[in-house]
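K.L.:
In this text, residue positions in the sequence shown follow numbering that gives the first Met the number 0: the first is 0, and each later residue adds one.
Mind having a look at this structure? Questions to follow.
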Amino acid sequence: MKYPSTSNTYCPYCRKQTPHKAKLYSKGTARTMAWGQLKHARKLTGYVGKVAGEKTVKKQGKRQKVVLNCTVCNKKIERTIGTRTRKKLEVTA
Ligand SMILES: [Zn+2]
Numbered sequence: 000m001k002y003p004s005t006s007n008t009y010c011p012y013c014r015k016q017t018p019h020k021a022k023l024y025s026k027g028t029a030r031t032m033a034w035g036q037l038k039h040a041r042k043l044t045g046y047v048g049k050v051a052g053e054k055t056v057k058k059q060g061k062r063q064k065v066v067l068n069c070t071v072c073n074k075k076i077e078r079t080i081g082t083r084t085r086k087k088l089e090v091t092a
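Okay, here's the thing in structure tokens:
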């Protein structure tokens, strides 16, 4: 899938259509002091190493996200493109 690098879309901060720059969304690093991470680390200490987590449902494909940056107010908006797909998103000129 291809997505244009610049587009004219609605900015909720400017409350009007403004030119936006598109970037691929990337997940940030996990916080080490987050409650879940601390709980996991606490469980790992001791004799038994592995911790059985809850089984997650395997979804077919992932939702492709794009970060739109408003060129007027410089605020960012996250937007999902379409539904779950196995195809990767490309930001093209
Ligand atoms: Zn704006």
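Here a beta-carbon is modelled for each residue, glycine too, at the ideal position from N, C-alpha and C.
1) Rank 36, 19, 9 by C-alpha distance to the C-alpha of residue 2 and give the top, closest one.
2) Quick check: the Cα distance between residue 39 and residue 83, rounded to an integer number of angstroms?
3) Does DSSP put residue 40 in a helix, in a strand, or in coil?
4) If you run the structure through DSSP and keep just helix, strand and coil, what is residue 35?
5) Excluding the five sequence neighbours on either side, which residues of its own chain have a C-beta within less than 8 Å of the C-beta of residue 52, listed in chain order?
P.N.:
The short version:
1) Sequence index remark: in the sequence shown, residue 2 carries index 3 (1-based). Residue 19 is the option with its Cα nearest to residue 2.
2) Here residue 39 refers to the residue found at position 40 when the sequence shown is read from its first residue. Here residue 83 refers to the residue found at position 84 when the sequence shown is read from its first residue. Answer to the nearest angstrom: the Cα atoms are 29 Å apart.
3) The residue given as residue 40 occupies position 41 in the sequence shown. Residue 40: helix per DSSP, three-state reduction.
4) Here residue 35 is taken as the residue at index 36 of the sequence shown, counted from 1. Of the three classes helix, strand and coil, the one that applies to residue 35 here is helix, per DSSP.
5) Along the sequence shown, one-based indexing puts residue 52 at 53. Closer than 8 Å at Cβ, skipping near neighbours: no residue.
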